[in-house]
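*Asks:*
Residue numbers (our numbering): 86 to 582.
#1: Can you look up residue 469 in the DSSP assignment and give me helix, strand or coil?
#2: Hey, residue 437 and residue 560: beta-carbon distance below 8 Å or not?
#3: Kindly confirm or deny that the region 419-436 and the region 112-124 touch, where touching means at least three C-beta pairs closer than 8 Å.
#4: Hey, could you find the ends of the beta strand (DSSP E) residue 580 is sitting in?
#5: Roughly how many whole angstroms lie between the Cα atoms of residue 292 and residue 285?
#6: Give, in chain order, every unbroken run of the alpha helix (DSSP H) that is at least 4 residues long and sits entirely within the region 309-353.
#7: Give the secondary structure of residue 479 by DSSP, where H, G and I count as helix, E and B as strand, and everything else as coil.
#8: Should residue 280 go down as buried or exposed, given a rule of 16 or more other Cβ atoms within 10 Å for buried?
#9: Quick one: Cα of residue 296 to Cα of residue 213, how far?
#10: Going by beta carbon distance, what residues of the same chain come within less than 6 Å of residue 317, once the five residues before and after it are set aside?
#11: Taking DSSP as the reference, what is the three-state secondary structure of residue 185?
#12: Tell me the DSSP secondary structure of residue 464 in three-state form.
#13: For a test of the three-state rule: what should DSSP assign to residue 217, helix, strand or coil?
#14: Give me the Cα-Cα distance between residue 483 and residue 367, rounded to the nearest whole angstrom.
#15: Looking at C-beta atoms only, is the number of pairs between the region 484-502 and the region 460-475 that lie closer than 8 Å three or more?
#16: Quick one: measure Cβ to Cβ for residue 543 and residue 579, integer angstroms, because I've assumed they're closer than 8 Å.
#17: From the DSSP output, in three-state form, read off residue 502 for me.
#18: I'd like to know whether the C-beta atoms of residue 256 and residue 186 end up nearer to each other than 8 Å.
#19: Keeping to the same chain, check which residues put their C-beta closer than 7 Å to that of residue 141; ignore five residues upstream and five downstream.
#20: Shortest alpha-carbon distance to residue 314 belongs to which of 567, 547, 343, 275?
#21: Please identify the residue among 379, 373, 235, 403 whose C-alpha is closest to the C-alpha of residue 359.
#22: If contact is defined by three or more beta carbon pairs under 8 Å, each pair taking one atom from either stretch, is the region 175-185 in contact with the region 130-137?
#23: I'd like to know if the region 439-455 and the region 404-413 are in contact, where contact means that at least 3 CB-CB pairs between them fall below 8 Å.
#24: Could you compute how far the alpha carbon of residue 109 sits from the alpha carbon of residue 479?
#25: Pull the bridge partners of residue 359 from the DSSP assignment, please.
#26: For residue 442, does the three-state DSSP call read helix, strand or coil?
#27: In or out: residue 513 buried (at least 16 other Cβ within 10 Å) or exposed?
#28: Measure the Cβ-Cβ separation of residue 539 and residue 511 and say whether it is below 8 Å.
#29: Between residue 190 and residue 385, what straight-line distance do the alpha-carbon atoms span, to the nearest angstrom?
#30: Among residues of its own chain, excluding the 5 on either side of residue 419, which ones have a beta-carbon nearer than 6 Å to its beta-carbon?
#31: Under three-state DSSP, which class holds residue 540?
#32: Smallest Cα separation from residue 395: which of 262, 522, 219?
#33: Would you list the one or two residues that DSSP bridges to residue 179?
#34: Looking at residue 273: is its Cβ nearer than 8 Å to the Cβ of residue 328?
#35: Return the Cβ separation of residue 491 and residue 524 in integer angstroms, given the expectation that the two are a contact with Cβ distance under 8 Å.
The following block contains the structure:
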């Protein structure tokens, strides 16, 4: 089918003759549409499961273990994006240690990140990235060249620090690497988020409360100053952090505490998402004397001032162990798994890293229901429009949406309408800011504008949430009636002379 494209019109309102306005708004001329709800799991940007050190279509980790910290071992790919025993995803999580990125002082292996971004895009994913300073074991230490600079440091304040972060060299090199990475990748369309990493094993902030303010702020600001477009997520909720609220002090990270105080207000404040790395720990490590799900997360989400962060920035979660570990070692039953999933929803989870480990078949129904609530899930409940419009006339619409998820969308996508027939197509953008569509109901009304050179005739009227550049559909709605291009049919409309 050949169609003549007509320029996209974005946000519109114009004054037309009273006769036209009366015709447009006459009750008999109004079409009401109540789309049928769909119950299917939707694969949408920025939400759901993530792959880990892998991409859609790759073989999963075997058994109860997983790999991390090393560069990605790229698997052969036959074009099939299916993840056997694991949901398909829109996010690939890549966690790699500093030593593999900065191979010499100020010498960066950007090709490693470039390839991961490119591969993710080819597999229908965006990349979530963390550069960890180190892990345990010699092969996961700080870079060899950095170890030569600092040697074996004595009197380090925390047993979970392999090098002294108070050494100015640490801020200079690790912080310098973060700054350089931000200058290169901030705002990259295929970069979903950057996971803030600064001290301790995996960079998760162990012993953060022991840091001098000057050091803490220098490391955090390396991210804040250089990633201003890409979402940042951070981890103030470690079990060994006695004062999780301290992490944001002195920064411009938005935080709101139970006593009514805050970390600052105004447009200069940055909204960061947060992550937890042990979802499902009901008693994994009894020797520690606490369980994350019972003794850490419920308390520290509030104490850290991050209980409301989900309204502006994404919440990311990582499984404790793997699903097979839950089943085979922890002996969790379905009720326990259901409880864990419910807690994650209560905390407004958008994405979940299951470490590219399979989901036990008997838990698949629980996972499917969880996926239907994770992040955002938009249902168009009611849509009204005039059955007939005129060139150079107004085109009023009303919409009632329900977000049945637990979080908003954090991407600045646009709500758009399309009038199309065998010859002509017109796409109209709206002024809706869908990032404000919180869980529950949202109402959006607007009068759009039909251009003066719009050809008359019969058209199909379609709706979609589109990217702001190409105006191509990006978000699947939980309603029926989608076509092959991702637009949802609302009905017919006539453009009259």
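Beta carbons are placed, not taken as given, at the ideal position from N, Cα and C, and that holds for glycine.
*Replies:* Checking against the coordinates, here is how it stands:
#1: strand
#2: no
#3: no
#4: 573-580
#5: 7 Å
#6: none
#7: strand
#8: buried
#9: 27 Å
#10: 279, 281, 308, 357
#11: helix
#12: strand
#13: strand
#14: 47 Å
#15: yes
#16: 6 Å
#17: strand
#18: no
#19: 166, 168, 173, 174, 208, 209, 210
#20: 275
#21: 403
#22: yes
#23: yes
#24: Reliability of the predicted coordinates at residue 109 is poor, the pLDDT of 38 falling under 50, and the value obtained from them is presented with this limitation in mind. Going by the C-alpha atoms only, they are around 7 Å apart.
#25: 319
#26: coil
#27: buried
#28: yes
#29: 37 Å
#30: none
#31: coil
#32: 522
#33: 214
#34: no
#35: 6 Å
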